[in-house]
Amino acid sequence: GQKLAAAVEAAVRCGVCSEAMTNASIVDCGHTFCRRCIEEAVRVNGCCPECNVPAWQKDIKDARVLKNLLAVLDE
1 GQKLAAAVEA AVRCGVCSEA MTNASIVDCG HTFCRRCIEE AVRVNGCCPE CNVPAWQKDI
61 KDARVLKNLL AVLDE
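The sequence shown runs 1 to 75 under our numbering.
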């Protein structure tokens, strides 16, 4: 019920812009962000904005599970 809804809401929130992720993407450390947010953060800082582990553009991948979840929530 409510606990699950709160957990899902937290899981789909981008750590950079605090919105529901757009084009959810993941970096090697496992943190997820909007594609645009993580690309900008990596370009500017060269690391994950959440844990400061070094990250490169080539390491940014689609977060398929989150993208699927967000698609279902959008229906």
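Backbone N, C-alpha and C fix where the C-beta goes; we use that ideal spot for every residue, glycine too. This one's a predicted model, so the numbers in the text were calculated from it and none came from an experiment.
Buried versus exposed call for residue i [16 or more other C-beta atoms within 10 Å across all chains shown]
{"i": "Leu73", "result": "exposed"}
{"i": "Leu4", "result": "exposed"}
{"i": "Pro54", "result": "exposed"}
{"i": "Cys51", "result": "exposed"}
Contact belief for residue i with residue j at Cβ below 8 Å, rounded distance in angstroms
{"i": "Ile60", "j": "Glu39", "result": "6 Å"}
Pick from the options that is closest to residue i, judged by C-alpha positions
{"i": "Lys67", "options": "Arg13, Cys51, Cys17, Pro54", "result": "Arg13"}
{"i": "Asp28", "options": "Leu70, Cys17, Pro49, Leu69", "result": "Pro49"}
Legend entry - Runs of beta strand (DSSP E) lying entirely within the segment 5-43, each at least 3 residues, in chain order: Whole beta strand (DSSP E) segments, 3+ residues: 24-26, 32-34.
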